[in-house]
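J.: The structure under discussion is supplied below as structure tokens; questions concerning it will follow.
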Ligand code: AHR
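Structural data, given as structure tokens:
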């Protein structure tokens, strides 16, 4: 039998045990979580009219001479470009935004449209905005009457008369003349908590349902940038959205034969919004900052050691932004953005996935500066992209010498690797640094192959591995799957935890594994053994057990990776009597290749049943290829 020793507490399970890794990859922010529908709203992309088209413009038809949009530069410090439209014949000219692989609009919902406009010569009397579907059918419209002269902000709304996943925004003009346009923006009124400049409700709901312990942001490689100039600079992402200076996305590149030349960061979802999201989710905010090394998979550009000050200052100022009093310089900006209370940030990451001696040199400088000013701040350091090999060993050894607090390990490996490494942390030093399993995902084909699938074999293998993370909660303090999200028409990397299009979203089987573990973590690890040993693959079973001191329950999670049903007896030691029934939540399918999809979003999702307890014993049938979470109260 399996034996749970319910009165033998091994370790506390940190509230941060299961969290979220967010990166703006696969259109996860602009085009995804950030609910803006207009791509390149402020004409700041490298090709400034990218995302926009203008049928019947001079550019395309010399004869019609109907109108022409060009992008000009103003003397504004940030986002200086704007669009000048010269309308010579208002019959056929239009300016169209294609959205992020189209715009998702829903019948009857309200879409708030805003823009800046300044009218010069001529008599343009109205500007019309219409949603049109792929066939050109109008699905709702509105208009503004532009005043003469200076820049003014206009606000209006469209309520669509139909639903479309790939609508476009078509702008037409009444009259002739010249008009300047900028910050053309459309948001659904219904966002998460109905905030303006808000986040897509369905996507945040999926995150909320995971009950995550932390939110790591903003990545990933985008922290580092392809070059240092293109690193993520949080200071440029706070304050009024029109002043946030956009930038190319690090994933705007050919990656595994996929090219997304229109991938930019508007930073409408910036650091304030990330902190706010963490707060909404009840998760600890965990920002990661550049340590002065650009992505080592790209240029690996290094900031010289004597030029690290601005990077370090960014880290110190971020702590002030998050936690400082409202009369401090950065605390005031947080207050002005509507959050006078501190965000209570406790963790900060120095560098994403960096490795080698150059990283260690820079890490030391950051650590000294942060700890001098903020001794209680917990610093997360990196161990590089591979969970083994020369650089990994080097990094771990050096970081241990420095008494690093938490080391971030990443593993993108085969499903077999995950099953075979469920005992990875059994041998980790209990007195050494704690571990953040910060990025992991089973790869069905090969690392970052575009052919990778979010199939059941991968999810099941991750579940087997996670039992090992939880059994070792004494060492492993934080864990997160990566990447988090992908747009079905705009991704660069697979697999991903959550997939979406412009209208809908779904959790993969991997998502349901994460959710199950997160929502059933308990507060303290207790041993569950087979023949006196931890269960790490014997008979293709993997298990972990915990107590939930808040609910007085024992939680046993058992993963059966075999294709056979297993009848198991579980004996609970240290319990005089169990409650009469236990609840078992099962995630299962007999098909290792099975997946969820937009059309079948919950094919693989948890089902609940109950089983009668016999004093201190439970007899359970573990279905083939199943993840089982058993919760039973102690009397
Ligand atoms: O999750 C995708 C990428 O994998 C991350 O950006 C990076 O940290 C890792 O290499």
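Residue numbers (the UniProt record's numbering): 25 to 659. Beta carbons are placed, not taken as given, at the ideal position from N, Cα and C, and that holds for glycine. Predicted model only: the values in this text are computed from it and were never measured.
#1: I'd like the list of long-range same chain contacts for residue 456, defined as Cβ closer than 6 Å, with 5 residues on each side in sequence excluded.
#2: Taking 8 Å as the cut-off, decide whether the C-beta atoms of residue 230 and residue 178 are in contact.
#3: When the Cα atoms are used, what is the spatial distance from residue 622 to residue 156?
#4: Only counting the same chain, and skipping five residues up and downstream in sequence, which positions put a Cβ closer than 6 Å to that of residue 251?
#5: Between which two residues does the alpha helix (DSSP H) holding residue 367 run?
#6: With a cut-off of 8 Å on the beta carbons, I'd call residue 265 and residue 199 a contact; round off their distance for me.
#7: To the nearest angstrom, how far is the alpha carbon of residue 213 from that of residue 136?
#8: Rounded to whole angstroms, what is the Cα-Cα separation between residue 565 and residue 153?
#9: Going by beta carbon distance, what residues of the same chain come within less than 7 Å of residue 390, once the five residues before and after it are set aside?
#10: Buried or exposed for residue 600, please, with buried defined as at least 16 other CB atoms from any protein chain shown within 10 angstroms of its CB.
#11: Tell me the DSSP bridge mates of residue 511?
#12: Run the CB neighbour count on residue 87, radius 10 Å, all protein chains shown included, and call it buried at 16 or more, exposed below.
#13: For the putative contact between residue 650 and residue 610, defined by C-beta atoms under 8 Å, what is the C-beta separation to the nearest angstrom?
#14: Under the DSSP definition of a beta bridge, which residues are partnered with residue 107?
#15: May I ask you to verify whether the segment 519-535 touches the segment 480-487, counting CB pairs closer than 8 Å and requiring at least 3?
#16: Rounded to a whole number of angstroms, what is the C-alpha to C-alpha distance between residue 539 and residue 575?
#17: Exposed or buried, residue 329, counting other C-beta atoms within 10 Å across all chains shown (16 or more means buried)?
#18: Checking 8 Å against the spacing of the C-beta atoms, do residue 206 and residue 67 come in under that value?
#19: Along the chain, where does the alpha helix (DSSP H) containing residue 169 start, and where does it finish?
#20: Taking 7 Å as the limit between beta carbons, can you name the residues of its chain near residue 606, skipping five residues before and five after?
#21: With a Cβ-Cβ cutoff of 8 Å, do residue 646 and residue 582 count as a contact?
#22: Quick check on the DSSP output: the beta strand (DSSP E) that includes residue 602 runs from which residue to which?
#23: If contact is defined by three or more beta carbon pairs under 8 Å, each pair taking one atom from either stretch, is the segment 426-434 in contact with the segment 392-401?
#24: Can you check the segment 300-342 for any alpha helix (DSSP H) of at least 4 residues that lies completely inside it and give the ranges in chain order?
#25: Out of 464, 211, 107, point me to the one whose CA is closest to residue 225's CA.
#26: Beta-carbon separation of residue 13 and residue 247 under 8 Å?
#27: Can you tell me whether residue 644 is buried or exposed? The criterion is at least 16 other CB atoms within 10 Å of its CB, across all chains shown.
#28: Have a look at 90, 626, 238 and flag the residue whose alpha-carbon is nearest the alpha-carbon of residue 300.
#29: So who's on the other strand from residue 152, going by DSSP bridges?
#30: Using the C-alpha atoms, what's the distance from residue 158 back to residue 132?
#31: Helix, strand or coil for residue 87, going by three-state DSSP, please let me know.
#32: May I have the straight-line CA-CA distance separating residue 276 from residue 73, to the nearest angstrom?
#33: May I ask you to report which of helix, strand or coil DSSP gives residue 462?
#34: For my contact list, residue 104 and residue 143 are in at a C-beta cut-off of 8 Å; report their separation, rounded to the angstrom.
#35: Using the Cα positions of residue 368 and residue 347, report the straight-line distance between them to the nearest angstrom.
T.: Let's see:
#1: Within the chain shown, residue 456 is the residue found at index 432, counting from 1. Contacts found: 424.
#2: Taking the first residue of the chain shown as position 1, residue 230 is located at position 206. Taking the first residue of the chain shown as position 1, residue 178 is located at position 154. Not closer than 8 Å, so no.
#3: To locate residue 622, count along the chain shown from 1; it is residue 598. To locate residue 156, count along the chain shown from 1; it is residue 132. Spanning the two alpha carbons is a distance of roughly 23 Å.
#4: Taking the first residue of the chain shown as position 1, residue 251 is located at position 227. For residue 251, where only same-chain residues beyond five positions count, the Cβ hits under 6 Å are 318, 323, 325.
#5: Translated into positions along the chain shown, residue 367 becomes position 343. Per DSSP, residue 367 belongs to no alpha helix (DSSP H) and is neither H nor E.
#6: What you label residue 265 is simply residue 241 of the chain shown in a count that begins at 1. What you label residue 199 is simply residue 175 of the chain shown in a count that begins at 1. Incorrect: roughly 30 Å between the Cβ atoms, too far for contact.
#7: By one-based count along the chain shown, residue 213 stands at place 189. By one-based count along the chain shown, residue 136 stands at place 112. Those two C-alpha atoms are separated by around 6 Å.
#8: Mapped onto the chain shown, residue 565 falls at position 541. Mapped onto the chain shown, residue 153 falls at position 129. Using only the alpha carbons, I get a separation of about 59 Å.
#9: Stepping through the chain shown from its first residue, residue 390 is reached at position 366. Counting only Cβ-Cβ distances below 7 Å, and skipping sequence neighbours, we find 315, 336, 339, 374.
#10: Here residue 600 refers to the residue found at position 576 when the chain shown is read from its first residue. Burial call: exposed.
#11: Mapped onto the chain shown, residue 511 falls at position 487. Answer is 524, bridged to residue 511.
#12: For the purposes of this step, residue 87 is taken as residue 63 along the chain shown, with counting starting at 1. Reliability fails at residue 87, whose pLDDT of 49 lies under 50, so the model's placement of it is uncertain and the value that follows must be treated cautiously. Label assigned to residue 87: exposed.
#13: For the purposes of this step, residue 650 is taken as residue 626 along the chain shown, with counting starting at 1. For the purposes of this step, residue 610 is taken as residue 586 along the chain shown, with counting starting at 1. About 6 Å separates the two Cβ atoms, so the contact holds.
#14: Counting from 1 along the chain shown, the entry for residue 107 is found at position 83. According to DSSP, residue 107 bridges with 95, 205.
#15: Touching, per the Cβ criterion.
#16: Locating residue 539 in the chain shown gives position 515, where the first residue counts as 1. Locating residue 575 in the chain shown gives position 551, where the first residue counts as 1. Their Cα atoms are separated by approximately 19 Å.
#17: In the chain shown, residue 329 corresponds to position 305, counting from 1. So residue 329 counts as exposed.
#18: Here residue 206 refers to the residue found at position 182 of the chain shown. Here residue 67 refers to the residue found at position 43 of the chain shown. In this structure, residue 67 lies closer than 8 Å to residue 206 by Cβ.
#19: The residue you call residue 169 lines up with position 145 of the chain shown. From DSSP, residue 169 is part of no alpha helix (DSSP H); its letter is neither H nor E.
#20: Within the chain shown, numbered from 1, the residue matching residue 606 stands at position 582. Cβ within range, chain order: 634, 635, 637, 642, 654, 655, 656.
#21: On the chain shown, residue 646 is found 622 positions in, with the first residue counted as 1. On the chain shown, residue 582 is found 558 positions in, with the first residue counted as 1. Yes.
#22: Sequence index remark: in the chain shown, residue 602 carries index 578 (1-based). First-last for residue 602: undefined, no H or E at that position.
#23: no
#24: With a minimum length of 4 residues, no continuous alpha helix (DSSP H) run stays inside the segment 300-342.
#25: Locating residue 225 in the chain shown gives position 201, counting from the first residue. Selected option, being the one with the closest Cα: 211.
#26: Past the edges of the chain, shown from 25 to 659, lies residue 13, and the structure says nothing about it.
#27: By 1-based counting over the chain shown, the position of residue 644 is 620. Residue 644 should be labelled buried.
#28: For the purposes of this step, residue 300 is taken as residue 276 along the chain shown, with counting starting at 1. The shortest Cα separation from residue 300 among 90, 626, 238 belongs to 238.
#29: Against the chain shown, residue 152 aligns to sequence position 128. Beta-bridge pairing links residue 152 to 167, 196.
#30: For the purposes of this step, residue 132 is taken as the residue at position 108 of the chain shown. For the purposes of this step, residue 158 is taken as the residue at position 134 of the chain shown. The straight-line gap from Cα to Cα measures roughly 19 Å.
#31: For the purposes of this step, residue 87 is taken as the residue at position 63 of the chain shown. With a pLDDT of only 49 at residue 87, under 50, the local geometry of the prediction cannot be trusted, and no value is derived from it.
#32: For the purposes of this step, residue 276 is taken as the residue at position 252 of the chain shown. For the purposes of this step, residue 73 is taken as the residue at position 49 of the chain shown. Using only the alpha carbons, I get a separation of about 17 Å.
#33: Residue mapping note: residue 462 aligns to position 438 of the chain shown, counting from 1. Correct three-state label for residue 462: strand.
#34: Translated into positions along the chain shown, residue 104 becomes position 80. Translated into positions along the chain shown, residue 143 becomes position 119. Rounded, the Cβ-Cβ distance is 20 Å, inconsistent with contact.
#35: For the purposes of this step, residue 368 is taken as residue 344 along the chain shown, with counting starting at 1. For the purposes of this step, residue 347 is taken as residue 323 along the chain shown, with counting starting at 1. Each residue's alpha carbon lies about 6 Å from the other.
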